[in-house]
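Line order of the protein sequences matches chains A and B. For the first sequence, the numbering used here assigns the number 230 to the initial residue and increments by one for each residue that follows. For the second sequence, the numbering used here assigns the number 39 to the initial residue and increments by one for each residue that follows. Below is one structure; the comments refer to it alone.
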Amino acid sequence: MTTTNRALLLVEDNEDDVFLMKRALKGARVVNPLLVVEDGQEAVDYLSGAGKFADRDQYPLPAVVFLDLKLPLISGHDVLAWIRRQRELESLVVIVLTSSNEPSDLNRCYALGANSYVVKPPTPEQLEELAKAFKWYWLEYNQFDEN
Amino acid sequence: MAPRQTSIQKRVRAVILLASVVVLFVTAAAFVTYEAITFRTRLVRNLSTLASVIADNSAAPLAFKNKAVAEEILSALKAEPDIEAAVLFDDNGGVFATYPKALPPALLPRTLEGAGHHFRDGALILFQPVLQENKVVGSLYLRNSFQGLYAQLWRYAVIVLFVLLGAFGAALLLSSVLQSRISEPILALTQAARRITANRDYSIRVPKLTEDELGVLTDAFNRMLLETQENQARLGEQARLLDLSTDAIIVCDWQGTVLFWNNGAEELYGWSRSEAIGKRKHELLQTIFSEPLEEIAKILERAGRWAGELIQTRRDGAHMHVSTRWVRDPAPSNTPARILITDNDITLQKQAEDLMRSEAKRLDALVEQRTATLQETIGELEAFSYSISHDMRAPLRAMQGYAKALLSDYGSKLDAEAKHYLDRIFRAANRLDLLIQDVLAYSRVAKGEIELHPIDLERLIDDIVSANPEFHAPQARVVVEKPLHRMLGHDAYLTQCVTNLLSNAVKFVPDGVVPEIHIRTEAIDGQVRVWFEDNGIGIDPLHYERIFQIFGQVYPEKKYGGTGIGLAIVRKAAQRMNGEVGVESNVDGGSRFWLILKEVNYDNHESRVTPGRG
């Protein structure tokens with residue numbers, strides 16, 4: 230079991246959710262660097278290394294993206310679709326983290342190539358449980374394509 | 039009898055009279071001839087007898103030469119006026135005595151002849167010998183004139199003439215009676231025939247006057263009249279009915295020339311019968327055919343009938359749509375075929391159809407437009423729901439999250455009241471989140487098309503119970519009375535229904551009571567009723583309707599929680615599955631909710647013996 234230390238990217242426009250997510254990951258003792266972008270356009274720019282994100286030392290390509298669906302400028306669905314069109318991002322793990330439990334959202338995300346779909350838990354305790362489960366599965370058990 | 043003599047009367051009378059006259063003449067002629075023949079013989083016999091008597095009496099005077107006596111004897115002949123002359127000769131042949139005494143010499147016989155008679159000079163001459171003791175003493179000569187005969191014949195002729203006249207009169211009288219018996223029935227027939235021909239009145243009957251052949255003829259004639267009258271009536275009735283029809287009924291020959299044109303046709307087309315007959319129908323009405331006339335003729339030839347629609351022009355120039363039916367009259371051979379045409383006006387119908395078509399088109403457009411508007415609205419509503427689920431829940435999560443974070447991170451620095459406030463914030467946020475989730479659930483079941491499938495209710499309930507800790511021991515007891523009927527439903531909707539009903543059942547219980555729910559099914563008329571019987575606090579029948587309305591909560595939320603949407607979701611979901619939901623009170627407390635859905639049709643299924651069981 231090799232624990233990865235690669236970066237995680239959180240695409241989330243709501244600062245409360247960013248705060249709670251950071252708190253939950255800290256509570257779960259996730260030590261990987263967490264980078265946050267606040268809209269769909271920024272997410273695309275980050276992942277393609279455009280503009281200020283060109284510096285991969287400062288903005289490393291992440292192993293996992295937490296993707297909210299309701300985003301300014303470019304929606305989460307469109308970001309996901311864009312990711313899956315990029316050859317160099319085909320092994321990127323995308324976990325959709327959303328407040329929507331609409332079946333239509335869920336179906337569409339899997340159809341677009343999401344690796345997982347998680348509804349944001351309502352309480353901080355449950356969110357921390359989720360962070361722990363995430364760490365245990367994705368960071369400890371899961372093998373990433375390192376190329 | 040008619041005053042004017044008819045030919046038949048004259049002829050019958052003439053025949054009768056002629057026959058009578060001929061018979062009379064023949065009879066008279068025969069009679070006269072007979073008389074003429076028998077008169078001579080009778081005359082000869084009478085004269086001979088007379089001669090014998092005179093000869094006998096004259097024998098003695100002749101022998102004794104007594105002339106006076108002899109003359110006296112002869113004078114007795116006066117009694118016979120037809121005796122013209124009588125002479126007694128002596129045995130020497132000399133005249134002895136004569137009658138009359140002064141006999142004209144012309145009447146004397148020129149010679150003395152032997153005994154015998156002969157007719158000479160218009161008279162009968164007779165010689166008779168006079169005998170005295172068988173010795174000829176002389177001879178007698180008598181001359182009888184024919185005057186008597188002629189007089190008698192004359193009398194006969196007069197009599198015959200009178201008889202003839204009388205007979206003729208009688209015949210004339212009889213003939214007028216007899217001829218009337220023959221000619222009257224014939225005349226009656228003739229007159230009747232004349233009246234019928236003149237007036238076309240077939241109700242006339244000829245009185246039957248005799249029982250003979252003329253009577254039979256009269257009967258036959260009357261019978262014929264009756265039949266003709268009936269036929270006439272039938273034809274009249276048929277013609278009247280044809281004219282009653284508001285449809286135009288027209289008969290044409292094969293070239294389209296009108297042969298018959300009823301009242302309906304007159305009304306429909308404005309052309310009178312006399313104007314139409316003899317004209318070509320399609321020229322008169324400027325017919326526009328839906329298919330070529332040759333094609334129609336072929337169809338008529340083959341199938342005997344054709345129906346279609348025509349556009350024709352009335353006499354006043356108005357165009358009209360006509361529904362037409364043509365039937366070929368199977369005319370007897372050697373007469374040309376005819377076509378029976380029935381037309382009716384469908385102009386209004388056509389206009390109505392056109393109107394309806396344009397109206398339908400307009401409505402279609404309207405529906406399309408409205409549907410588009412509706413779809414737009416639905417889209418907006420969906421966007422709204424979506425935004426609720428994201429945007430409104432996010433701050434709630436933040437409220438909950440910060441409240442919890444505050445409690446756990448700074449709990450040691452807060453007093454009990456501050457902690458209680460934070461707890462209240464957390465609960466309120468939690469409740470609002472539940473509310474939003476229920477509203478979304480309601481809107482989800484309310485929209486979209488669903489398909490119904492057979493549902494295994496036992497498995498569905500098992501899954502729900504095992505997924506929700508509040509439905510099993512020790513918190514609650516759910517008893518399923520297996521087997522359950524299978525039903526037509528929708529997995530997600532039915533799961534929503536069962537979950538909500540169970541949630542209510544475990545929620546609304548008196549303090550200290552462990553909720554217990556019995557689930558069973560019964561089949562009624564192709565439907566399945568699922569019962570959910572609980573031991574809860576029950577519901578006042580007053581509220582049976584309200585609890586199924588959205589936000590129709592009847593119990594204080596503080597005590598039992600809940601959003602007041604759960605049963606509204608159940609009802610909406612049940613309706614979407616073509617079912618119903620309802621409630622009644624349990625006899626020993628608690629409520630009995632029921633859900634009715636369609637039973638799975640188990641026709642041709644092996645478990646048919648226990649339908650619905652599985």
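Ideal placement from N, C-alpha and C gives every residue a C-beta, glycine not left out.
Query - Pick from R515(B), N104(B) and A89(B) that is closest to V551(B), judged by C-alpha positions - result: R515(B)
Requested in this report: Could you give the DSSP three-state label for D572(B): helix, strand or coil?
Outcome: strand
Query raised in the report: Which first and last residues belong to the alpha helix (DSSP H) in which F363(A) is found?
Result: P353 to F363
**Report entry** For K636(B), the residue or residues it bridges with in DSSP
**Finding:** Q565(B)
Requested in this report: Have a look at V293(A) and I426(B) and give me their C-alpha separation to the nearest angstrom.
Outcome: 28 Å
Query raised in the report: Short check: CB of V348(A) to CB of D297(A), under 7 Å?
Result: no
**Report entry** Where Y240(B) sits in the DSSP three-state scheme
**Finding:** coil
**Report entry** chain A residues whose Cβ lies nearer than 7 Å to that of D471(B)
**Finding:** P351
Query raised in the report: So, are the CB atoms of S623(B) and G576(B) less than 7 Å apart?
Result: yes
Query raised in the report: Under a Cβ-count criterion, where at least 16 other Cβ atoms within 10 Å of its own Cβ denotes burial, should A161(B) be classed as buried or exposed?
Result: buried
Query raised in the report: Ends of the alpha helix (DSSP H) at K255(A)?
Result: E244 to G256
Query raised in the report: By the 10 Å Cβ neighbour count, where 16 or more other Cβ atoms means buried, how is F165(B) classified, buried or exposed?
Result: buried
Query raised in the report: From the DSSP output, which residues share a beta bridge with G346(B)?
Result: T362(B)
**Report entry** Through-space distance from E222(B) to M39(B), alpha-carbon basis
**Finding:** Confidence at M39(B) is low in this model, with a pLDDT of 42, below 50, so its placement is unreliable and the value that follows should be read with caution. Distance between the alpha carbons of M39(B) and E222(B): 8 Å.
Report task. Give the residues of chain E in contact with K442(B), contact being defined as C-beta atoms less than 8 Å apart. Result -> Of the protein chains in the structure, A and B, none is chain E.
**Report entry** Three-state secondary structure (DSSP) of P553(B)
**Finding:** coil
Report task. On a CA-only basis, which of G152(B), Y240(B), E508(B) and L635(B) is nearest Q270(B)? Give me that one, please. Result -> Y240(B)
Report task. List the DSSP bridge partners of T327(A). Result -> V348(A)
Query raised in the report: Which ranges would you report for the beta strand (DSSP E) in the region 283-314 of chain A if only whole runs of at least 3 residues count?
Result: 293-296
Query raised in the report: For S645(B), is the classification buried or exposed, using 16 other Cβ atoms within 10 angstroms of its Cβ as the cut-off for buried?
Result: With a pLDDT of 36 at S645(B), under the threshold of 50, the predicted position of this residue should be treated as unreliable, though the coordinate-derived value follows. Exposed, by the Cβ-count rule.
**Report entry** First and last residue of the uninterrupted alpha helix (DSSP H) at E109(B)
**Finding:** K105 to S113
Query raised in the report: Is any beta-carbon of chain B found at less than 7 Å from that of N243(A)?
Result: yes
Query raised in the report: Should L100(B) be labelled buried (16 or more other beta-carbon atoms within 10 Å of its own) or exposed?
Result: buried
Query - Under 9 Å (Cβ pairs) to chain A, residues found in the region 451-469 of chain B - result: F464, A467 and N468
Query raised in the report: Between K520(B) and the rest of its own chain, which residues show a CB-CB distance below 7 Å, the 5 nearest in sequence each way excluded?
Result: E496
Requested in this report: Answer with buried or exposed for A360(A), where buried requires no fewer than 16 other C-beta atoms within 10 angstroms of its C-beta.
Outcome: buried
Query raised in the report: chain A beta carbons: is any one of them nearer than 7 Å to that of D641(B)?
Result: The predicted position of D641(B) is uncertain, since its pLDDT is 47 and thus under 50; no value can be drawn from it.
Query - Residue range of the alpha helix (DSSP H) that includes I607(B) - result: G604 to R614
Query raised in the report: Which full runs of the alpha helix (DSSP H) of 4+ residues lie inside the region 381-465 of chain B, going along the chain?
Result: 385-425 and 431-448
Report task. Using the Cα positions of T554(B) and R567(B), report the straight-line distance between them to the nearest angstrom. Result -> For the record, residue 554(B) in the displayed sequence is Glu; it is not Thr. Cα-Cα distance, rounded: 19 Å.
Query raised in the report: What is the DSSP secondary structure of N642(B), reduced to helix, strand or coil?
Result: Per-residue confidence for N642(B) stands at a pLDDT of 36, beneath the threshold of 50, marking its modelled position as unreliable; the derived number appears in the next sentence. If DSSP states are grouped into helix, strand and coil, N642(B) belongs with coil.
**Report entry** Candidates P301(A), N234(A) and P351(A), of which the one nearest P262(A) by Cα
**Finding:** N234(A)
Query raised in the report: In chain order, what residues of the same chain have a beta carbon less than 6 Å from the beta carbon of V365(B), not counting five sequence neighbours either side?
Result: R343 and L378
Report task. Please list the residues of the region 427-438 of chain B that have a C-beta atom closer than 8 Å to any C-beta atom in chain A, keeping them in chain order. Result -> S427, H428, D429, R431, A432, P433, L434, R435, A436 and Q438
Query raised in the report: Closer than 7 Å, CB to CB, is D392(B) near chain A or not?
Result: no
Query raised in the report: If you draw a straight line from the C-alpha of R651(B) to the C-alpha of T537(B), how long is it?
Result: The predicted position of R651(B) is uncertain, since its pLDDT is 35 and thus under 50; no value can be drawn from it.
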